[in-house]
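Structure, as structure tokens:
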Amino acid sequence: MPEKTVYSLARAQASDLIASLLKSQNEVWAPAKGESGDTFLSRIESAKQMAPEYVNGFLGAKRYVFPQLEELFRFKKGKNGTTLQTGSEQPRAVIWGIRPCDMSAVHYFDSFFGTDAKSGPDWKSGDPLPDPLYKKRRERAVFITLACNQAGPKCFCICTDSGPFLSQGYDIQLTDLGTYYLAEVGSPKGEEFVKEFKTLFGTGDENDMKLRRKLEVEAEKTFQQPVSFFAKAMRKMDAGKVDQKFWEKVGGYCIGCGGCIYVCPMCSCFDVDDRMESDTEGLRYRSWDTCDFAGFTREVSGHNPRVSKADRRKRWFYHKLSMDYLEKNPVIGCVGCGRCVITCPGEVDMATVVRWMRKADSESPNS
Numbered sequence: 001m002p003e004k005t006v007y008s009l010a011r012a013q014a015s016d017l018i019a020s021l022l023k024s025q026n027e028v029w030a031p032a033k034g035e036s037g038d039t040f041l042s043r044i045e046s047a048k049q050m051a052p053e054y055v056n057g058f059l060g061a062k063r064y065v066f067p068q069l070e071e072l073f074r075f076k077k078g079k080n081g082t083t084l085q086t087g088s089e090q091p092r093a094v095i096w097g098i099r100p101c102d103m104s105a106v107h108y109f110d111s112f113f114g115t116d117a118k119s120g121p122d123w124k125s126g127d128p129l130p131d132p133l134y135k136k137r138r139e140r141a142v143f144i145t146l147a148c149n150q151a152g153p154k155c156f157c158i159c160t161d162s163g164p165f166l167s168q169g170y171d172i173q174l175t176d177l178g179t180y181y182l183a184e185v186g187s188p189k190g191e192e193f194v195k196e197f198k199t200l201f202g203t204g205d206e207n208d209m210k211l212r213r214k215l216e217v218e219a220e221k222t223f224q225q226p227v228s229f230f231a232k233a234m235r236k237m238d239a240g241k242v243d244q245k246f247w248e249k250v251g252g253y254c255i256g257c258g259g260c261i262y263v264c265p266m267c268s269c270f271d272v273d274d275r276m277e278s279d280t281e282g283l284r285y286r287s288w289d290t291c292d293f294a295g296f297t298r299e300v301s302g303h304n305p306r307v308s309k310a311d312r313r314k315r316w317f318y319h320k321l322s323m324d325y326l327e328k329n330p331v332i333g334c335v336g337c338g339r340c341v342i343t344c345p346g347e348v349d350m351a352t353v354v355r356w357m358r359k360a361d362s363e364s365p366n367s
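Numbering of the sequence shown is given in the UniProt record's numbering, commencing with residue 1 and proceeding in unit increments.
Below, the structure is given as structure tokens:
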């Protein structure tokens, strides 16, 4: 007997499923090619827009759960005071084909934005405050992940326990078995989804699960990026054995572009601004920001506690890896997706810097 409820989905039926979702007014997000040929998780209007083959997109599930630019509310000043208007209810969203690393990152955002937090009279000091917009967006979404039969050239999710397959945390996990997908159900929401489209899903069995487990073992042998186990680096950081000279070296290679932060599926820094559209009306919006920019910590007095790139890089890595933050969040701040490795022109990405810390060596391998 299968360990969990499993189904099958013919590859040819996947496009029919997407078409059915769009026809019934669902919001569908899937990996799609951009203008320059790069893959991004994007809202699609047709199954033909989906990228046929991809390793991982430059922007993943973060693009849905934490939009780069998001209207929080509109306001209008009148004779009787100021009135606020929030957005209208949105349809169900189906997030299709995201990789296990991105699904793992979504669970970090659940912690950060407090989807399970208490509010009202049940809230007490120290509890996270739930973000109402995030909570609505999360609750209306069905996450369908696609396991990785082969690791990408820069992936290291095996070091962060966030891939290449997931054992839990998804609504449905698809595994490519050749002519069809194995569909593992991981939540009641996923089970309801399969029942809704039962004419497209077939049965799965123990033989499918055996093949899936074999593919997982084989996938773990395909990692090309040098393995960067985090435990030793984290212990050295918390013991104060990573000195300032190390961070000055890292800061020297960093050009401060913020690319690693924007592509990171777990970075959650944001800014909030008001924009007036007339003398009496305007809107408040939230947008991505980064602690890698000098202005992020600059105070109104002009003083900046993190004026140097070395200090900002140190802060970023401590936020990702230190035990202080691990005690507050369920996971470390990295899922090993490899996007920073691809993006960073200075080659001071997460995998590289963790290796330097483990070796107690602040020199670049190329220096």
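Each residue gets a CB set at the ideal place from its N, CA and C atoms; glycine is no exception.
query: Residues near Ser-308 by beta carbon distance below 7 Å, same chain, minus five either side; result: Gly-251
query: Sheet register partners of Asp-271 (DSSP bridge); result: Ser-287
query: Given Asp-324 as reference, the closest of Ala-19, Thr-179, Ala-239 and Tyr-54 once Cα atoms are compared; result: Ala-239
query: Heavy atom of the ligand SAH within 7 Å of Tyr-318 beta-carbon; result: The ligand SAH is not part of the structure shown, which contains no ligands of any sort.
query: Counted within 10 angstroms of its Cβ, other Cβ atoms place residue 368 as buried (16 or more) or exposed; result: The question about residue 368 has no answer here: the residues shown for the chain are numbered 1 through 367.
query: Beta-carbon contacts of Cys-344 that lie in its chain and below 7 Å, excluding the five residues immediately before and after; result: Gly-259 and Cys-260
query: Residue nearest to Ser-36 in terms of C-alpha spacing, selected from Gln-168, Gly-57 and Lys-154; result: Gly-57
query: Within the segment 83 to 161, ranges of the beta strand (DSSP E) (whole runs, at least 3 residues); result: 93 to 98 and 141 to 146
query: Sufficient close CB pairs (3 or more, under 8 Å) joining the segment 313 to 320 to the segment 213 to 226; result: no
query: Three CB pairs or more closer than 8 Å across the segment 70 to 90 and the segment 149 to 160; result: no
query: Proximal residues to Ser-42 (C-beta, below 6 Å), its chain only, five neighbours per side dropped; result: Ala-32
query: Pro-188 (DSSP reduced to helix, strand or coil); result: helix
query: CA-to-CA distance, Phe-246 to Ala-231, given in whole angstroms; result: 18 Å
query: Cut-off 7 Å between Cβ atoms - residues of its own chain near Ser-362, not counting five sequence neighbours on either side; result: Unreliable positioning characterises Ser-362 in this predicted model, as indicated by a pLDDT of 43, which lies under 50. The coordinate reading is nonetheless provided below. Answer for Ser-362: Lys-245, Phe-246, Lys-249 and Trp-356, listed in chain order.
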